[in-house]
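J.:
Numbering (the working numbering), first residue to last: 116 to 220.
1) Cα-Cα, which of 132, 145, 160 is closest to residue 117?
2) Assuming residue 170 contacts residue 206 (C-beta within less than 8 Å), just tell me the rounded distance between them.
3) I need the DSSP call for residue 207, collapsed to helix, strand or coil.
4) Three Cβ pairs or more, each shorter than 8 Å: is that satisfied between the region 132-140 and the region 174-183?
5) What's the gap between the Cα of residue 185 and the Cα of residue 172?
6) Is the separation between the beta-carbon of residue 188 and that of residue 148 shorter than 8 Å?
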């Protein structure tokens, strides 16, 4: 799985605004939660890097705390219900990731 981030200006500084997941199709079990590390730093991604791939938004309600520290879960069944199982790129808002990680404190 390739994990990268889209960076842009936010309150006078550049910061990651979106976390972008590009899993290999064989990595996905659409009946399970996908756990990913989110402890960065992340490879920088530009919008044109998305190409013509099918991108789906991951909502805050799709996210859970991970099994270990610095990890979150993405509910693949919830995403499949909204978008089918054709997704090639998953886009998470960094604010949502940070909110989920704050639940562990």
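Ideal Cβ placement from N, Cα and C applies to all residues, glycine included.
T.: Result, derived from the coordinates:
1) As a position in the chain shown, residue 117 is number 2, starting the count at 1. Taking only the C-alpha atoms, the option nearest residue 117 is 160.
2) Within the chain shown, residue 170 is the residue found at index 55, counting from 1. Within the chain shown, residue 206 is the residue found at index 91, counting from 1. Contact between residue 170 and residue 206 holds, since their C-beta atoms are separated by about 6 Å, short of 8 Å.
3) Start at 1 with the first residue of the chain shown, and residue 207 comes out as number 92. Of the three classes helix, strand and coil, the one that applies to residue 207 here is strand, per DSSP.
4) no
5) Position 70 of the chain shown, counting from 1, holds the residue named residue 185. Position 57 of the chain shown, counting from 1, holds the residue named residue 172. Residue 185 and residue 172: Cα-Cα distance of roughly 21 Å.
6) On the chain shown, position 73 is the one that residue 188 refers to. On the chain shown, position 33 is the one that residue 148 refers to. Yes, these two residues count as a Cβ contact at 8 Å.
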